[in-house]
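Remarks on the structure that follows.
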Amino acid sequence: MKKSQNSISDSRSESVELSIRLYRAIADVIRHLDDQRARIINVRDLFSENIELQRIKLKDYCEKLMFIDPVGYGKKAEDLLWRKGYYEVFATSKRLNKNNKMDLQDASLMQCHLQSGIGYYHHLIMKIQSYFRLDLRGIVDFPLIVTDCGLKKDKNLWGNKPIESGGLEWAHHALHRCLIYLGDLSRYLSEIESFYDHSFAQRYYSQALNWRPECGTPHNQLGTLASTQNYSLDAAYYYMRCLCCAQKFDGAEGNLQHLFENNAVIWEQMNRSRGKEITPNVKKLLVTFIHISYSMFFDKQHSQIQQMCGDALTILENCIVEIESNLITVYNKSPVAEPTVLNDDILFKMLIISFMCIQQLKNKGSSNTMGGVALSLALMSQLINSVLKRLEAVLPPRLEPVDKGNGKKKTLRRRRKRRINNSHVSDLSEDENDSVYSLDSDISEEDLIFDCHESDEEPILNGNGIHLNGINDHSEHSDSSKIKGFSDLTDSSQPWTHSLVSQNKSFQHIHKLSNQGYILQTIKVCCDWLVSNNAFLKSCGSTTGPLLSRLVNFLNHLSAVPSIDALKDLFDDCILTEDDLCSIPLPEDVTVRGLSCLQAAHAKLNWDCLRTRALRPEEETYSRIFKLIRFGSSLADSKICALNYDASRQWFSLETNGNKNGNNTQKEERPRAQPERLKLMGELWLKSEVSQLENKAKKVNLPPYLVPDTEVFLNHPSLLKQLVGSKKFIVLIPSIVVSGLDEFKGSSGRVRDTIRWLENQLRIGHRSVRLQRSNEALPVPFIKYPKKKDKEAWVFLQIVECCNYVCSQSTGEKNPELVTLLTGSKTYLNGQGGFSHIGVAKSAGINVEHIESFYSKWKSCIKSHG
Numbered sequence: 001m002k003k004s005q006n007s008i009s010d011s012r013s014e015s016v017e018l019s020i021r022l023y024r025a026i027a028d029v030i031r032h033l034d035d036q037r038a039r040i041i042n043v044r045d046l047f048s049e050n051i052e053l054q055r056i057k058l059k060d061y062c063e064k065l066m067f068i069d070p071v072g073y074g075k076k077a078e079d080l081l082w083r084k085g086y087y088e089v090f091a092t093s094k095r096l097n098k099n100n101k102m103d104l105q106d107a108s109l110m111q112c113h114l115q116s117g118i119g120y121y122h123h124l125i126m127k128i129q130s131y132f133r134l135d136l137r138g139i140v141d142f143p144l145i146v147t148d149c150g151l152k153k154d155k156n157l158w159g160n161k162p163i164e165s166g167g168l169e170w171a172h173h174a175l176h177r178c179l180i181y182l183g184d185l186s187r188y189l190s191e192i193e194s195f196y197d198h199s200f201a202q203r204y205y206s207q208a209l210n211w212r213p214e215c216g217t218p219h220n221q222l223g224t225l226a227s228t229q230n231y232s233l234d235a236a237y238y239y240m241r242c243l244c245c246a247q248k249f250d251g252a253e254g255n256l257q258h259l260f261e262n263n264a265v266i267w268e269q270m271n272r273s274r275g276k277e278i279t280p281n282v283k284k285l286l287v288t289f290i291h292i293s294y295s296m297f298f299d300k301q302h303s304q305i306q307q308m309c310g311d312a313l314t315i316l317e318n319c320i321v322e323i324e325s326n327l328i329t330v331y332n333k334s335p336v337a338e339p340t341v342l343n344d345d346i347l348f349k350m351l352i353i354s355f356m357c358i359q360q361l362k363n364k365g366s367s368n369t370m371g372g373v374a375l376s377l378a379l380m381s382q383l384i385n386s387v388l389k390r391l392e393a394v395l396p397p398r399l400e401p402v403d404k405g406n407g408k409k410k411t412l413r414r415r416r417k418r419r420i421n422n423s424h425v426s427d428l429s430e431d432e433n434d435s436v437y438s439l440d441s442d443i444s445e446e447d448l449i450f451d452c453h454e455s456d457e458e459p460i461l462n463g464n465g466i467h468l469n470g471i472n473d474h475s476e477h478s479d480s481s482k483i484k485g486f487s488d489l490t491d492s493s494q495p496w497t498h499s500l501v502s503q504n505k506s507f508q509h510i511h512k513l514s515n516q517g518y519i520l521q522t523i524k525v526c527c528d529w530l531v532s533n534n535a536f537l538k539s540c541g542s543t544t545g546p547l548l549s550r551l552v553n554f555l556n557h558l559s560a561v562p563s564i565d566a567l568k569d570l571f572d573d574c575i576l577t578e579d580d581l582c583s584i585p586l587p588e589d590v591t592v593r594g595l596s597c598l599q600a601a602h603a604k605l606n607w608d609c610l611r612t613r614a615l616r617p618e619e620e621t622y623s624r625i626f627k628l629i630r631f632g633s634s635l636a637d638s639k640i641c642a643l644n645y646d647a648s649r650q651w652f653s654l655e656t657n658g659n660k661n662g663n664n665t666q667k668e669e670r671p672r673a674q675p676e677r678l679k680l681m682g683e684l685w686l687k688s689e690v691s692q693l694e695n696k697a698k699k700v701n702l703p704p705y706l707v708p709d710t711e712v713f714l715n716h717p718s719l720l721k722q723l724v725g726s727k728k729f730i731v732l733i734p735s736i737v738v739s740g741l742d743e744f745k746g747s748s749g750r751v752r753d754t755i756r757w758l759e760n761q762l763r764i765g766h767r768s769v770r771l772q773r774s775n776e777a778l779p780v781p782f783i784k785y786p787k788k789k790d791k792e793a794w795v796f797l798q799i800v801e802c803c804n805y806v807c808s809q810s811t812g813e814k815n816p817e818l819v820t821l822l823t824g825s826k827t828y829l830n831g832q833g834g835f836s837h838i839g840v841a842k843s844a845g846i847n848v849e850h851i852e853s854f855y856s857k858w859k860s861c862i863k864s865h866g
C-alpha cells in the first residue's frame, strides 16, 4: 500500500517538474521570438528559417504543456501560443505595411502562415475532443465521434490518468477559445485578400456561440467583421448582443459608443441636407433607427426622440411599399454596406435591437421603457402587415367558419368524397376555410385516411408524384402562382409527396415564405418576446388595436393548415406529438439564444436535441406554424387583451363592444393615418415621462409637471433655473408664454439672457425642459371664454388649457396632482381684477402656486427627506 502511494506521489512530482521545465522552455522561445521580431524591417523577415523554427518549437512545447497540466498551465500555454504564434505575427505585418498594401510575395507568406494556423487549431480541437471524450455533435461541423469501448471507467485513450474535473473545465473553455481563434484567423485572411469570404469567420464564431452562448466575445468579433454593413446596423446589433450576454467582452461598449457617435454625425448631416440632397429611404431609416437606439440603449435623453420614432415608422412604411411589387424579400445572407432595398435580415435585426434596448431600460428601472415598447409594437405591427400582404397576394382572405346543421361546427379537416366514376367528379372549393376534404357522416375514419389511395379513379400525378386530383382550376385566385416571387405549387422544389399537404395551399405558401425569406422567423421571435413580456400588451391598452387586428388575420391564415394528426406519417417516428415537435429549437431560436428577454419562451426548449437531429425544412415550417398558433391561443386565455380563440373552429377574433363572444367577422383593416399613429405613440411616451417623474416626486409629495407663466420668466428666472437643474420635474413651457417672452426681449437684457438659456436647454435636449406641442391643449368645459382683447385673461386660459391636457391625457383620466401652474404674479392669487384666475383654474382641477412659495416648499421637502 505504501509502495502504491509512493508511486502516485512520484508520478505527480514528475508531472509538476516536467510542466515547469516546459514552461521555462516556452519562455526561452518567446524571448528569442521577441528579440528577433524587434529587429525585422519587412514582412519577409517574419518568416525567416530561424524564426519559423522557434515558432515550431513554441507550438510543440505549448501543446505538450496543455495536456500534461491543463489545470495549472493549460490557459497560459494556450494564450501564449495564440499571441506569440499567430496574433503578433499578423499585427506586426500590419504595422510594417501601415500605409501600403502588401506586395504579392508578402501576402502569400502571410496567407500560408494563417492557413497553417487554421489547420493547427483544427488539429488541436480534434485532440481535445479525443483526449477528454467530448461530444460536439450539433456544435461544430467537424465533430469527432469518440469511442472508448473496452477502456476502464475514467480512463482515456491517451494514458492511464483519470480525467480531472478541472481539466475538463479547461477543455470546455479551450474549445470555445479555439473556435474564436479560427474565426480570427479567417477574418485576417479576408483582410489580406478580399476574395476570402467572410462567411468562414462567421461560421467559426457561430459555432463558438453554440458551445457557450453566455459568452459575448464572438458577438463582438462578429460586430468587428460586420463593420459598415447595412449602414452599420449589423455592427450595432452584434455589439449590443455582446453587452446583453452574461459574460461581456470588455471592449464592446467602447466599440458600440464609437459606432453611435459616428452615426450621430451622419444623422446630423442628413438632417442639414434635408431637401437639398436625395437620400435613399433605406439609409434614412437605418441611420434614424440607430440614432434612436443610441438614446434608448444608454438611456440618454433626446428632445426629438418621439419625432424620430414617428419618422422611422413613416420611412419604414415607405420602404415596405417600395418592395411590395417583389412580394418576397429574399433573406440576404451577405449584406452589403449600403443596401438599396429593405430586406428581411434588416427587419430582423431592427426588432432584436429594439428588444435589447427595452431590456436595458427595464434593467435600469428607467421610465422610458414604455417608449421603447411603443416603438417595438409599432415595428411588429408593420412586420405582420407586410407578411399579410405577401400571403394574401396568393391566398384569399379567410372567412369566418359558420355553423352547419344542428349547431355543429364545420371542421377544418375535411374528407374528400369517394369518387364513383369520372363522369361524377366534382370540383372542390378552394376556400381556405374548407380544406380539400368534405364531410360525409356515412364514411368511416378509415375511409377518411385512405380515401385518396382507394378511389375508383386512378390518381393524377405530376412529375414529382404529387396528387393533382381535386385542385379547382376555376378559382378566382388560380393565376396567383404567376405572381412574381411564387412559382407553381407543384414545381420540382416542393419536397412533399403527402396528399394532404400537397393540396393545402395555405401550408404550401407559408412553407415557401419560410424558405425564401426570414420574415416568418422574425414574427415568431416577436411572439416569443411577447410571451416573456406579456405585461407590455396590458399596459399599452387600446394602442395595440392595429397590432392585434393584423395578428388575428395572420393567425387565421396559419390555422387553415392541417393538424399534426393528419400529417403524422410525414414526420419521423420519434416525433409523435405537437409538444415533442415544438420542444426542438428552430434556427431562429438558435440565433437569439442567450437573450434574457426571451428566457420564458426558451425555457421549454430542449437544446440537447440539436446534437442528435435537426428538423427537415417542412418540419421546421409546421413547428413554426403550431408555435405561433399556440402563442395566439395562450394570449387569448390570458385575457390581457381583446383576443379570442375558438378551438373547436380554430378561429381567432377580436372582442368588440358589440360582440362580447368574440365571434365577429374580421374585416380588412383600414390603414391608420399617420397623425393618429403618432398620437398613440405620443401617449405611451407621455406615460413614460410621467411615470418616471411620479416615482421621483412621490418621495417629496410634489407634482412631476410644472407649467410656468410669462411672469415667472420675467421676475424669477433664477428660481426656475434651480427647479430645472434639480431634474425632479418636467418644466412644460406653453407656446403662449414663448410668444410673450418675444415681446419683451427687445426692451430687457435680462429677458434676452433668459431666452438664450432656454434655447440652450432645448438645443442640448435637456430632459427636464420641453415646449408645448401643437396638440397639447384641452379646452376647459363650462367656462365662458373672454375675448382676445382681454389679453391677460385670454393668455391665462391658454396656459390652463395646456395644464388641462396634461392632467387628462397623461393617464387617461383626470389627475390634478400631476401638474402645478407656477405664476410669478401675486395679482392672480389675490383675486384682483374682474377675471377670477384661481376660480378658472380650480374649475379645471389645476393647482396654482406662486413660484416663491413653491420653491420654499420644495426646499423644505428636500431637507426633510435628506
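Numbering of the sequence shown is given in UniProt numbering, commencing with residue 1 and proceeding in unit increments.
Every residue gets a Cβ at the ideal spot worked out from N, C-alpha and C, and that includes glycine.
Taking C-alpha atoms, which residue in the options lies nearest to residue i?
i      : options                           : result
His219 : Arg616, Ser273, Asp234 and Asn230 : Asp234
Asp608 : Lys98, Tyr188, Asn210 and Asn271  : Asn210
His766 : Ser860, Ser303 and Asp709         : Ser303
Phe90  : Ala77, Ala107, Asn99 and Lys75    : Ala107
Leu615 : Glu338, Glu588, Gln599 and Leu595 : Glu588
Ala844 : Cys807, Ile851 and Gln257         : Cys807
Gly40  : Gln599, Lys721, Arg95 and Lys57   : The residue asked about is misnamed: residue 40 is Ile in this sequence, not Gly. For the residues Gln599, Lys721, Arg95 and Lys57, the minimum Cα distance to Ile40 belongs to Arg95.
Ala777 : Pro734, Leu762, Tyr805 and Arg241 : Tyr805
Ser295 : Gln360, Leu605, Cys244 and Lys604 : Gln360
Ala647 : Leu555, Thr710 and Leu136         : Leu555
His602 : Lys787, Ile510 and Leu586         : Leu586
Ala841 : Gly223, Ala264 and Ile799         : Ile799
Arg37  : Ala25, Gly725, Arg24 and Arg55    : Arg55
Phe536 : Gly371, Leu259, Tyr205 and Asn271 : Gly371
Leu225 : Glu322, Tyr204, Leu558 and Pro213 : Tyr204
Which residues share a DSSP beta bridge with residue i?
i      : result
Gln247 : Cys215
Asn847 : Thr820
Arg770 : Leu732
Glu277 : Arg274
Val140 : Arg137
Let's test the definition: count the other Cβ atoms within 10 Å of the Cβ of residue i and tell me whether it reaches 16, buried, or not, exposed.
i      : result
Asn50  : exposed
Leu104 : exposed
Cys582 : buried
Ser856 : exposed
Pro703 : buried
Asp709 : buried
Pro546 : buried
Ser860 : exposed
Could you check where the alpha helix (DSSP H) with residue i kicks off and where it finishes?
i      : result
Asp646 : Taken as a continuous stretch (DSSP letters only), Asp646 belongs to no alpha helix (DSSP H), being part of the beta strand (DSSP E) at Leu643 to Asp646.
Ser549 : Gly545 to Leu558
Phe631 : Pro617 to Ser638
Phe132 : Leu104 to Phe132
Val89  : Glu88 to Leu96
Leu595 : Note, Leu595: premise wrong, no alpha helix (DSSP H); not H, not E.
Kindly indicate the opening and closing residues of the beta strand (DSSP E) around residue i.
i           : result
Ile730      : Ile730 to Ile733
Leu706      : Tyr705 to Pro708
residue 873 : With the chain covering 1 to 866 only, the question about residue 873 has no answer from this structure.
Could you tell me how far apart the beta carbons of residue i and residue j are, in whole angstroms, since I believe they sit closer than 8 Å?
i      : j      : result
Gly138 : Leu610 : 4 Å
Thr591 : Leu377 : Wrong, their Cβ atoms sit about 21 Å apart, outside the cutoff.
Leu46  : Ser116 : Actually they do not touch by this definition, with Cβ atoms about 13 Å apart.
Glu78  : Met66  : 6 Å
Asn534 : Ile384 : Not really, about 17 Å apart at Cβ, beyond 8 Å.
Leu595 : Cys244 : 6 Å
Ser768 : Ile736 : Actually they do not touch by this definition, with Cβ atoms about 21 Å apart.
Val707 : Cys597 : At roughly 37 Å, the Cβ-Cβ gap does not stay under 8 Å, so Val707 and Cys597 are not in contact.
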